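**Student:**
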Amino acid sequence: KAGVTQTPRYLIKTRGQQVTLSCSPISGHRSVSWYQQTPGQGLQFLFEYFSETQRNKGNFPGRFSGRQFSNSRSEMNVSTLELGDSALYLCASSQDRGDGYTFGSGTRLTVV
Amino acid sequence: GDSVTQMEGPVTLSEEAFLTINCTYTATGYPSLFWYVQYPGEGLQLLLKATKADDKGSNKGFEATYRKETTSFHLEKGSVQVSDSAVYFCALSGAGNNRKLIWGLGTSLAVNP
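Chains A and B, in that order, are what the protein sequence lines are.
Quick note: the first sequence, position 103, residue 1200 per my numbering, numbers continuous.
Quick note: the second sequence, position 15, residue 558 per my numbering, numbers continuous.
1) Please say whether GLY649 of chain B and VAL630 of chain B have beta carbons closer to each other than 8 angstroms?
2) Checking the sheet assignment: what are the DSSP bridge partners for ALA1099 of chain A?
3) So, is the C-beta of PHE1142 of chain A closer than 8 angstroms to a C-beta in chain B?
4) Within 8 angstroms of any Cβ in chain A, is that where the Cβ of LYS592 of chain B sits?
5) Check distances from the C-beta atoms of the stretch 578-589 of chain B to those of chain A and list, in chain order, the residues that come in under 9 angstroms.
6) Quick check on THR555 of chain B: buried or exposed, where buried means 16 or more other Cβ atoms within 10 Å of its Cβ?
7) Look up GLY604 of chain B in the DSSP assignment and say whether it is helix, strand or coil.
8) For chain A, check one thing: does any of its Cβ atoms lie closer than 8 angstroms to the Cβ of LEU618 of chain B?
9) Based on Cα-Cα distance, which residue from B:THR571, B:GLU559, B:ALA634 lies nearest to MET550 of chain B?
10) If the cut-off is 8 angstroms on Cβ atoms, which residues from the stretch 1152-1176 of chain A count as contacting chain B, listed in chain order?
11) Taking buried to mean at least 16 other C-beta atoms within 10 Å of its own C-beta, is LEU1233 of chain A buried or exposed?
12) Should VAL1209 of chain A go down as buried or exposed, given a rule of 16 or more other Cβ atoms within 10 Å for buried?
13) Compare the Cα-Cα distances from GLU619 of chain B to each of B:TYR582, B:ALA560, B:THR594, B:GLN581 and report the closest residue.
14) What did DSSP end up calling SER626 of chain B once you bin it into helix, strand or coil?
15) Please check the pair GLU1172 of chain A and GLY1163 of chain A, which I expect to be a contact at CB under 8 angstroms, by giving their CB distance rounded to whole angstroms.
16) Evaluate the contact criterion for the stretch 1183-1191 of chain A versus the stretch 1125-1139 of chain A: three or more CB pairs, one atom per stretch, below 8 angstroms.
17) Please list the partners that PHE632 of chain B has in chain A, where partner means a Cβ-to-Cβ separation under 9 angstroms.
18) If you measure between the beta carbons of GLY586 of chain B and GLY1203 of chain A, is that distance less than 8 angstroms?
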């Protein structure tokens, strides 16, 4: 079966712009989580959505937001981009039974 | 709050050597524990998991046992291969609706032929 699909794979944006990243979970998975990975901070939790509702949120500023659609696909948006937002953004989906998450290949965002 | 500590890398081994990557955790309640692996340029892949004390997760020759008394989940493999070269992450997930993953910083493994 298809895995978690993230688009686009690579993005280059300018400071001050905004960006939207997309994640299609594995069919049947209703939980979608987003993580930011940087060399300095490692993996940090952004937020989790379950059945179109944000269930958990990490410690990121309000410029980071997300949503989930009725088909479980999710998007995250970052507004007013800063250089420090350059990172690999990973999406993960789960059946929500505590049996682990399946990750996509990520979107590599570079802010210049 | 919950946290995960894993040994710093990089770890460099020769092919067929024994591998241990230490992981300890701090958590309230009874978390689930995971090892994920990240190959260069790729996302994270679940390697193995354990959901309760004394459970042993295993996959592709890797093993880890959930030790509640020592709050540890060390990763081991008896004979590593060059293809095992990757970054390994230990993580925990809380119970109930708090299933967000808390991560260790990752341990880079390089296996030389």
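Where a beta carbon is used, it is the ideal one built from N, C-alpha and C, also for glycine.
These numbers come from a predicted model, not from an experiment.
**Tutor:** Taking the geometry as given:
1) Yes.
2) Looking at the DSSP output, ALA1099 of chain A bridges to nothing.
3) Taking 8 angstroms as the threshold, the shortest C-beta distance from PHE1142 of chain A to chain B falls below it.
4) Judged by the 8 angstroms Cβ criterion, LYS592 of chain B is in contact with chain A.
5) Listed by position, the residues of the stretch 578-589 of chain B near chain A (Cβ gap below 9 angstroms) are TYR579, GLN581, GLY584, GLU585, GLY586, LEU587, GLN588, LEU589.
6) Residue burial annotation: THR555 of chain B is exposed, with fewer than 16 other C-beta atoms found within 10 angstroms of its C-beta.
7) Correct three-state label for GLY604 of chain B: coil.
8) With 8 angstroms as the cut-off, LEU618 of chain B does not count as an interface residue toward chain A.
9) Closest by alpha carbon: B:ALA634.
10) Within the stretch 1152-1176 of chain A, the residues whose Cβ lies closer than 8 angstroms to any Cβ of chain B are, in chain order, ARG1152, ASN1153, GLY1155.
11) With chain A covering 1098 to 1209 only, the question about residue 1233 of chain A has no answer from this structure.
12) By the 10 Å Cβ count, VAL1209 of chain A comes out exposed.
13) Of B:TYR582, B:ALA560, B:THR594, B:GLN581, the residue nearest in Cα terms is B:ALA560.
14) Here SER626 of chain B carries a helix assignment [DSSP, helix/strand/coil].
15) That pair is a contact at about 6 angstroms.
16) Three or more Cβ pairs drawn from the stretch 1183-1191 of chain A and the stretch 1125-1139 of chain A lie within less than 8 angstroms of each other, which places the two stretches in contact.
17) Within chain A, the residues near PHE632 of chain B are GLY1139, LEU1140.
18) Yes. Within cutoff.
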